[in-house]
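Under my numbering, the sequence shown has 62 at position 20, and the numbering climbs by one with no breaks. No residue lacks a Cβ here, since even glycine has one placed at the ideal position from N, Cα and C. Comments concern the structure below.
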Amino acid sequence: MSFAARLETELAQFKTDGVYKRLNYLDAPQGPRTVMEGRGEVVILSSNNYLGLCNAPDVVAAGKAALDRFGAGTGSVRFICGTFTVHRELEAALARLVGCESSLTYVSCWNANEGLCPTLLGEDDLVISDQLNHASIIDAIRLAKAITKCQTAVYQHSDMADLETKLKAAKDRRLKLIFTDGIFSMEGDIARLPDLLELGRKYDAVVAVDDSHATGVLGKTGRGTAEHYGVVGEVPIITSTLGKALGGAAGGFTAGPAALTDYLTQRSRPQLFSNALPPTVAASALAAVRHLETHPALVTRLRDSATYFREQLAALGFRPLPGATPIIPVILGETAKAIRMSEMLLDEGVFVTGFGYPVVPQGHARVRCQISAAHSRDDLDFALGAFKKVGTKLGLI
Ligand SMILES: Cc1ncc(COP(=O)(O)O)c(C=O)c1O
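See below:
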């Protein structure tokens, strides 16, 4: 069988199993609503555009101006000739935002995580990862293990007793790295950061937080999980994305002490062997950070809208997972049910994705709603109307 024929067989099986993903094509920017090919206008409830900055005029204008000033791309990796002044400005702004001394950008947070683990960890070291961490952390750790033979462990989700047991057993390790998501992307819950920092201090371990869903979202002014808990400046390492609240284009970064970002500049392989963030993207992200800093009310609006949507879903009879973030999963059980519900919601003009196995555990399929500060009350009520109609048809409420 040719390799293409083998893939076709597997793809056919995905379709039989009801787990095949069809792409929806959008013909307008990300906003509270967009235009979907073949569907017309739809309300988006599945975007990470938490602050509505994907299409904010200042964010778009900054990208255009950078295109004129710097051209399309860096044409090289950072240390050869791929660093523009806008990279330095962006990195200073990101470090200030998340409360670290320094930051270093990558073309994605996936890249930032994969740049961090194999660079930091060696044969004498151990990384301990939350069971529900994002795939980019999992793969970064797998890569580190394959390259450096570092030790790895996984603790039960947010279970501090389990983490402590694993830390106790690791006294002889040179570096102990605890890696967690800030907001867990499928559940929408928040890491127990103060407890993690406390354990870090007790067992001389370094805490790294991937704040991709929390940057621009958590805390009074959107500085992330650290601000949510009042511990800005105390988190040793933060990675995050520019592809969600901060303009939504692409890109990621690692923040921490200046020695860390300098070390990553010297040794992290995605830095050494892959082109830098395009200047258009860097400038848009910088404008997004400035927008956030000058419009903290956006974060309050996001929080209020998320609370409203969660409460109204519950009032309709759904049982969204409890939480305090704009990620609002409605658990449905079977994968096929989640996919069916998301298709029916799309028929009603609401774009929200159903997630099933293997993205979430078997039997925990869900539709995951994500709220944006850009949603008006009308947008949210329109979506709630669709949930009511579809939920009734499916016998869920
Ligand atoms: C926790 C977490 N880390 C990393 C990423 C990947 O970010 P990027 O798109 O910048 O690679 C995501 C995106 O879903 C995420 O949720």
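Can you tell me whether DSSP reads residue i as helix, strand or coil?
i: C151; result: helix
i: L146; result: strand
i: C468; result: An answer regarding residue 468 cannot be provided, because it is not within the stretch 43 to 439 covered by the chain.
i: M78; result: strand
i: R265; result: coil
i: P3; result: Because the chain here runs from 43 to 439, residue 3 falls outside it and cannot be looked at.
i: G294; result: strand
i: T222; result: strand
i: A256; result: coil
i: E156; result: helix
i: T51; result: helix
i: L68; result: strand
i: T349; result: helix
i: Y197; result: strand
i: A250; result: strand
i: D59; result: helix
i: D172; result: strand
i: E83; result: strand
Taking Cβ positions, are residue i and residue j nearer each other than 7 Å?
i: Y92; j: A292; result: no
i: S254; j: C96; result: no
i: N155; j: A182; result: yes
i: F360; j: T147; result: no
i: D246; j: R215; result: no
i: P160; j: D421; result: no
i: L387; j: V432; result: yes
i: P278; j: G261; result: no
i: V128; j: N317; result: no
i: P312; j: G157; result: yes
i: T303; j: S178; result: no
i: L284; j: A327; result: yes
i: V140; j: G266; result: yes
i: A324; j: L132; result: yes
i: V392; j: V77; result: no
i: A256; j: L340; result: no
i: V394; j: S88; result: yes
i: S227; j: H270; result: no
i: T367; j: I180; result: no
Is the closest heavy atom of ligand 1 to the C-beta of residue i under 6 Å?
i: S476; result: Because the chain spans 43 through 439 in this model, residue 476 falls outside it and cannot be assessed.
i: H270; result: no
i: S88; result: no
i: G285; result: yes
i: D223; result: yes
i: H176; result: yes
i: S150; result: yes
i: G294; result: yes
i: S326; result: no
Tell me, please, whether the stretch 332-343 touches the stretch 114-121 by the rule of three or more beta-carbon pairs shorter than 8 Å. Of all C-beta pairs linking the stretch 332-343 to the stretch 114-121, fewer than three are shorter than 8 Å, placing the two stretches out of contact.
Cβ pair count under 8 Å reaching 3, the stretch 394-410 against the stretch 361-378: These segments touch.
Report the residue ranges of all beta strand (DSSP E) runs contained in full by the stretch 353-438; include only those spanning at least 3 residues, in chain order. If we require 3 residues or more, the beta strand (DSSP E) runs fully inside the stretch 353-438 come out as 369-375, 407-412.
Does the count of Cβ pairs from the stretch 239-258 and the stretch 213-220 closer than 8 Å reach three? Because the criterion of three Cβ pairs below 8 Å is met, the stretch 239-258 and the stretch 213-220 touch.
Examine the Cβ distances between the stretch 227-240 and the stretch 190-209 and report whether three or more of them are shorter than 8 Å. As far as the Cβ criterion goes, the stretch 227-240 touches the stretch 190-209, which means the pair count is three or higher.
In chain order, what are the residue ranges of uninterrupted beta strand (DSSP E) at least 3 long that sit wholly in the stretch 272-327? Runs found: 279-283, 294-298.
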